[in-house]
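Undergrad:
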Amino acid sequence: MKKRINKMDEKVGKVLISKEQIEKRIKELAKQISQDYEGKDLICVIILRGAFMFVTDLAKEISIPAKFDFMATSSYGDSTKSSGVVRIYKDLDMNIEGKDVLIIEDIVDTGRTINYLVKNLKTRNPKSLEVCTLLNKPANRVVNVKIKYVGFVIPPEFVIGYGLDFAEDYRHITEVRVFKED
Ligand code: IMP
Numbered sequence: 379m380k381k382r383i384n385k386m387d388e389k390v391g392k393v394l395i396s397k398e399q400i401e402k403r404i405k406e407l408a409k410q411i412s413q414d415y416e417g418k419d420l421i422c423v424i425i426l427r428g429a430f431m432f433v434t435d436l437a438k439e440i441s442i443p444a445k446f447d448f449m450a451t452s453s454y455g456d457s458t459k460s461s462g463v464v465r466i467y468k469d470l471d472m473n474i475e476g477k478d479v480l481i482i483e484d485i486v487d488t489g490r491t492i493n494y495l496v497k498n499l500k501t502r503n504p505k506s507l508e509v510c511t512l513l514n515k516p517a518n519r520v521v522n523v524k525i526k527y528v529g530f531v532i533p534p535e536f537v538i539g540y541g542l543d544f545a546e547d548y549r550h551i552t553e554v555r556v557f558k559e560d
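Just add 378 to the spot in the sequence shown (first one is 1) and you have our numbering.
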């Protein structure tokens, strides 16, 4: 049976990154991360909710010991434009002091969220702190951020699927698609 996306299907635009492309790139990223963090004390900090699908697939391919903890942030509300105000809805449960921390994000757009998170987590004295994002939209950047692992660089379009939402819809779509605004 073909999956019904939802009643607003006309807003679901063309495929930007296919399921197969995502699978292949995730294997490459996981291999790189496993090599770089071999023998280290890796804690992956997953940024909810957008990164949930990405990390599920990435975690399965990571071949070294790793821990996973979660933070929930929001800056968009029900809009396709960043509000510029980052809120933490759920904080970490683990203590990251002295650990090698890798933030796992779905997308870096203006850079405000990741900039805020990096500053916030640095105050907790991790041994190292790096960023991994599935998608990078550098054209919209307003804050300069250092990203160690990037899945795909994409044009400045609002995208949905593979964990990314518009107003909490479309997260379950299996590929990254363009969102067609009114
Ligand atoms: P930034 O703070 O502008 O970099 O935005 C980061 C957050 O905004 C991401 O974690 C996403 O939740 C959301 N976001 C940015 N661009 C998109 C998009 O194209 N689709 C869905 N969510 C997005």
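Cβ atoms here follow ideal geometry from the backbone N, Cα and C, with glycine treated the same way.
1) By a C-beta neighbour count over all protein chains shown, 10 Å radius and 16 as the cutoff for buried, is K515 buried or exposed?
2) Would the region 421 to 434 and the region 469 to 476 be scored as touching if the rule is three or more Cβ pairs under 8 Å?
3) Between the C-alpha atoms of I485 and M449, what's the straight-line distance to the nearest angstrom?
4) Could you check if A545 is buried or exposed, using at least 16 other CB atoms within 10 Å of its CB as the buried criterion?
5) Could I get the ranges of all uninterrupted beta strand (DSSP E) runs contained in the region 410 to 474, with 3 residues as the minimum, in chain order?
6) Sorted by chain position, which residues of the same chain lie with C-beta nearer than 7 Å to S441's C-beta, five sequence neighbours on each side aside?
7) In the DSSP assignment, the alpha helix (DSSP H) including Y494 goes from what residue to what residue?
8) Just mark K477 as buried or exposed, buried being the case when its beta carbon has 16 or more other beta carbons within 10 Å.
9) Is it the case that the Cβ atoms of N522 and D487 are separated by a distance below 8 Å?
10) Could you give the residue range of the beta strand (DSSP E) that holds F536?
11) Select from V393, A444 and I425 the residue whose C-alpha is nearest the C-alpha of G417.
12) Check each candidate in E388, A408, L495 and T501 and name the one with the smallest Cα separation from V528.
TA: The answer reads as follows:
1) buried
2) yes
3) 15 Å
4) exposed
5) 420 to 426, 445 to 452 and 465 to 468
6) S412
7) R490 to K500
8) buried
9) It is not a contact, given that the beta carbons lie outside the stated cut-off.
10) Note, F536: premise wrong, no beta strand (DSSP E); not H, not E.
11) A444
12) A408
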